[in-house]
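Residue 1 is where the sequence shown starts when you use our numbering, and the numbers rise one by one after that.
Ideal Cβ positions, reconstructed from N, Cα and C, are used throughout, including at glycine.
Working notes, beginning with the structure itself.
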Amino acid sequence: MTHPLISREHIDAYQRDGVVLIRGLFADHVETLRAGIERNMAAPGPYASNNDKPGETGRFFDDYCNWQDIPEFREVILGSDAAQVAAELMQSESAQLFHDHVLVKEPGTSMATPWHQDGPYYFVEGRQTLSFWSPLDPVREASLRCVAGSHLWDKPVLPTRWVKGDPFFDPEPYMPVPDPEAEGMKILEWEMAPGDAVAFNFGVLHGARGNSTVARRRAFSLRLVGDDARYVERPGPTSPPFPGHDMVPGQKLREDWFPVLWPA
């Protein structure tokens, strides 16, 4: 039996498009996540950035890998139904935590989240991967934008640094970052309420506009992997780096660092 928030249509859409909207997934956890973001921004972790890009206005704060230090994030990750929903969308027997990510665009932030795929930045590969992106404020123009079916492309998109725009790795094995609007790609985006969640595969090309409104746009992301996900070496340091993980290619992610959340 599937979780009451999803149907066969959700699962089919996720498998086909690599992305689907789940209404209300974190609706009961919005205030907890807001409190966690305030705690995170008051004491940022070692990977935090304000994405200070020359010529851009506002503040675009992001930080990741803080769930063990922020009790509100830990409470939601361990206590919500997100892992079960992820496993069912991935068609996986299990859902394993990869990491958390906070993205806050203050009012008047002009910087867009560049088009990118998450997978090429990571040291994990597999068909069964999933990110949840959940706004903690109502969103329209600053919502997540995803290119349908891009998780099935033959080549991954070159990972680049968001502020400088330079590549993470040698561009040779990768395809250049496309311009989905100019190239007429099918872009999926939704007007969303706090606690709604976009679920998307690590291979889906996605981005977001800046926040031109007078309200904050806080978003919480949760990345999970399924049964077939394995550690893979990249041609350079990954993001997140997880120094000292000691894993070898082909190994499942170590469960003491990346706990299995479903089955609980």
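Boundaries of the alpha helix (DSSP H) around Asp17: Arg8 to Asp17.
When C-alpha distances from Val20 are compared across Pro156, Trp162, Ala35 and Ala86, the shortest belongs to Ala86.
In this structure, Arg145 sits near Glu189, with a CB-CB distance shorter than 8 Å. Under a 10 Å Cβ-count criterion, Arg209 is classified as buried, with 16 or more other Cβ atoms of the shown protein chains found around its own Cβ. Along the length of the segment 196 to 252, whole beta strand (DSSP E) runs at least 3 residues long occupy 197 to 200, 206 to 208 and 217 to 225, reported in chain order. Per the Cβ contact rule, the segment 23 to 41 is in contact with the segment 58 to 71 (3 or more Cβ pairs under 8 Å). Selection Val139, Ile77 and Pro241 evaluated against Phe132 yields Ile77 as nearest (Cα-Cα). Exposed is the label assigned to Asp170, since fewer than 16 other Cβ atoms lie within 10 Å of its Cβ. In the three-state reduction of the DSSP assignment, Gln96 falls in the strand class. Annotated three-state conformation of Arg145 is strand, per DSSP. Nearest Cα to Leu152 within the set Thr129, Arg218 and Asp137: Thr129. Within the same chain, Asp81, Gln84, Val85 and Glu88 come within 7 Å of His3 by CB-CB distance, once the 5 residues on both sides are set aside. Annotated three-state conformation of Ile37 is helix, per DSSP. Inter-residue distance for Val157 and Thr113 is about 15 Å (C-alpha atoms, whole angstroms). From the listed residues Gly79, Gly58 and Glu31, the smallest Cα separation to Val104 is found for Gly58.
In the DSSP secondary-structure assignment, Glu189 is bridged to Arg145. Counting the other CB atoms within 10 Å of its CB gives Gln117 a total of 16 or more, which places it among the buried residues. Contact between the segment 221 to 233 and the segment 93 to 112 is present: three or more C-beta pairs spanning the two stretches fall below 8 Å.
The C-alpha of Met192 lies about 9 Å from the C-alpha of Ser134.
Here the alpha carbon of Pro173 sits roughly 24 Å from the alpha carbon of Glu181.
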